[in-house]
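FYI, the numbering for the sequence shown is 1 to 119, going by the UniProt record's numbering. What follows is a short report on a single structure.
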Amino acid sequence: EAKARAEEEERFAEEEIKRREEAKALKKQKEKERIEQLKKEGKFLTKAQKEEKARNERKLQQMLAAGIKVGPQESSDEPKKKVVYDSKKKKPRNEKVDEDAALAEAAERAQLQAEKALK
1 EAKARAEEEE RFAEEEIKRR EEAKALKKQK EKERIEQLKK EGKFLTKAQK
51 EEKARNERKL QQMLAAGIKV GPQESSDEPK KKVVYDSKKK KPRNEKVDED
101 AALAEAAERA QLQAEKALK
């Protein structure tokens, strides 16, 4: 009878261990499914990401407490300017006009120097 009782207790202990392992596996599976769902929704954050988010939130609260305006600067009274795209081709420069102006200036300087030399 003692042998039967020992076997019964051993079987009971094994069943208890098996039940705990199944519960642990079930819990692990549920957690895995929850994480997978969060990943699909794009809401899953790693430990480092959670810490970074908390740090940023603390900084934001400190700035708001200090009276600093945080967020997009909106000035609705001034409409956005339309972007004007310029052609990528370089525009030809008026080199001839520049040369004529330079020649006229040089001639004028030469004439002034000649007048100074005569005096």
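Where a beta carbon is used, it is the ideal one built from N, C-alpha and C, also for glycine.
Run of the alpha helix (DSSP H) containing I68, from where it starts to where it stops
Unbroken run through I68: none, as it is neither H nor E.
Would you report the Cα separation of K3 and E16, rounded to the nearest angstrom?
Rounded to whole angstroms, K3 to E16 spans 20 angstroms at the Cα level.
Using only the alpha-carbon positions, how far apart do E36 and K28 sit?
Cα to Cα, E36 sits roughly 12 angstroms from K28.
Could you tell me the boundaries of the alpha helix (DSSP H) in which F12 lies?
Secondary structure note for F12: its alpha helix (DSSP H) is the uninterrupted segment 2 to 41.
DSSP on E45, reduced to helix/strand/coil?
It is Leu, not Glu, that sits at residue 45 in the sequence shown. Looking at L45 - three-state DSSP - the assignment turns out to be coil, as it is neither helix nor strand.
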